[in-house]
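**Q** Mapping of the sequence shown onto this note's numbering: position 72 corresponds to residue 258, and the numbering continues sequentially without gaps.
Note that CB positions come from ideal geometry on N, CA and C, so glycine has one too.
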Amino acid sequence: MEDKHRIYEQAELGGRVGFGDRAAVVVVDFQRCFVDPSVPGGGDFSDAIDATARLLAAARSHGVPIVYTVVAYDDPARDAGRFIDKCPTLKYAVAGSEMVELDERLGRRPDEPVVVKSFASAFFGTAVASYLTGLGVDTVILAGCTTSGCVRASAIDSMQSGFRTIIPRQCVGDIAAEPHEANLFDIDAKYGDVVELDVVLAALPAPAGNATTG
Numbered sequence: 187m188e189d190k191h192r193i194y195e196q197a198e199l200g201g202r203v204g205f206g207d208r209a210a211v212v213v214v215d216f217q218r219c220f221v222d223p224s225v226p227g228g229g230d231f232s233d234a235i236d237a238t239a240r241l242l243a244a245a246r247s248h249g250v251p252i253v254y255t256v257v258a259y260d261d262p263a264r265d266a267g268r269f270i271d272k273c274p275t276l277k278y279a280v281a282g283s284e285m286v287e288l289d290e291r292l293g294r295r296p297d298e299p300v301v302v303k304s305f306a307s308a309f310f311g312t313a314v315a316s317y318l319t320g321l322g323v324d325t326v327i328l329a330g331c332t333t334s335g336c337v338r339a340s341a342i343d344s345m346q347s348g349f350r351t352i353i354p355r356q357c358v359g360d361i362a363a364e365p366h367e368a369n370l371f372d373i374d375a376k377y378g379d380v381v382e383l384d385v386v387l388a389a390l391p392a393p394a395g396n397a398t399t400g
């Protein structure tokens, strides 16, 4: 069996981006229809949600901005384009329904914006990038679900928008282990730094520094 770590190292993939001067947390799609395993296509992301709640508590205590995204449509069949052909369970993501409500364990506060998106990336067709840029953010810490879908797409667009992109591995989840691990590996190789949550928490008290993710 090929050693993917050796192959990627020889290909000079997996450089580090580290933390910049000002971070923000972007929480992707921890909404009812994706985090409730009783809903078709939903998963039990309790561990990732609990870890994200820790991250958010630390972010608030250090004045780090927080943004949430949810997928929601007035008419999923009409508005989701080809996305719903691949992911039919998007039919549950109806605007104004409980299915698009954020998981209450995140403890969202009224001053923490929720951005509605139609497709996978938190950045595609939204004002997330311009909002963060306006706040002087240069580092995006991503949490949410799913690792192989909307988190991956958001990581790519975060990097392409010029942000240092950090993914605390405990704060993201997928409905199956293999795509979760494969996509964390690929994100870490090409788009952002996949690190332990404790590394991120240690970096938050000094957002003006240039902490590295090792």
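1) Quick one: what's Asp-379 bridged to in DSSP?
2) Which same chain residues, not among the five before or five after Cys-336, have their C-beta less than 6 Å away from its C-beta?
3) Beta-carbon within less than 7 Å of Val-256's beta-carbon, same chain only, minus the 5 sequence neighbours each way: which residues are those?
4) Looking only at its chain, what residues have a beta carbon closer than 7 Å to the beta carbon of Gly-228, apart from the 5 residues adjacent to it on each side?
5) Can you grab the Cα-Cα spacing for the pair Val-212 / Leu-328, in whole Å?
6) Tell me the rounded alpha-carbon separation between Gln-204 and Ala-266.
7) Using C-beta distances below 8 Å, list every residue in its chain close to Tyr-259, excluding the 5 sequence neighbours before and after it, in chain order.
8) Within 10 angstroms of its Cβ, does Gly-400 collect 16 or more other Cβ (buried), or is it exposed?
9) Where in the region 260 to 340 do unbroken runs of the alpha helix (DSSP H), each at least 4 residues long, occur, reported from the N-terminal end onward?
10) Put Val-385 into one of helix, strand or coil per three-state DSSP.
11) Pull up the CB-CB distance for Asp-324 and Arg-208, whole angstroms please, since I reckon it's below 8 Å.
12) Roughly how many whole angstroms lie between the Cα atoms of Ala-388 and Cys-273?
13) Whose C-alpha, out of Ala-308, Ala-234 and Ile-252, is nearest the C-alpha of Ile-342?
**A** Taking the geometry as given:
1) For this step, residue 379 is matched to residue 193 along the sequence shown. Asp-379 is bridged to Ile-352.
2) As a working mapping, residue 336 is identified with position 150 in the sequence shown. Here the set comprises Val-214, Asp-215 and Ala-306.
3) For this step, residue 256 is matched to residue 70 along the sequence shown. So the list reads Asp-215, Gln-217, Val-286, Leu-288, Val-300 and Val-302, once near-sequence residues are dropped.
4) Counting from one through the sequence shown, the residue named residue 228 turns up at place 42. If we look at Gly-228 and ignore the five residues flanking it on each side, its Cβ neighbours are Cys-219, Phe-220, Val-221 and Asp-222.
5) Walking along the sequence shown from the start, residue 212 turns up at place 26. Walking along the sequence shown from the start, residue 328 turns up at place 142. Rounded to whole angstroms, Val-212 to Leu-328 spans 5 Å at the Cα level.
6) Along the sequence shown, one-based indexing puts residue 204 at 18. Along the sequence shown, one-based indexing puts residue 266 at 80. Note on residue identity: the sequence assigns Gly, not Gln, to residue 204. Taking the straight line joining both Cα atoms gives about 35 Å.
7) For the purposes of this step, residue 259 is taken as the residue at position 73 of the sequence shown. So the qualifying residues of the chain are Asp-265, Ala-266, Leu-276, Ala-279, Val-280, Ala-281 and Ser-304.
8) As a position in the sequence shown, residue 400 is number 214, starting the count at 1. Model confidence at Gly-400 stands at a pLDDT of 48, short of 50, so the residue's coordinates are unreliable and nothing is read from them.
9) 262 to 265, 269 to 272 and 314 to 320
10) In the sequence shown, counting from the first residue as 1, residue 385 sits at position 199. Three-state DSSP puts Val-385 in a helix.
11) The residue given as residue 324 occupies position 138 in the sequence shown. The residue given as residue 208 occupies position 22 in the sequence shown. Asp-324 to Arg-208, Cβ: 6 Å. Contact.
12) Here the question's residue 388 lines up with position 202 in the sequence shown. Here the question's residue 273 lines up with position 87 in the sequence shown. Cα-Cα distance, rounded: 37 Å.
13) Indexing the sequence shown from 1 puts residue 342 at position 156. Nearest C-alpha to Ile-342: Ala-308.
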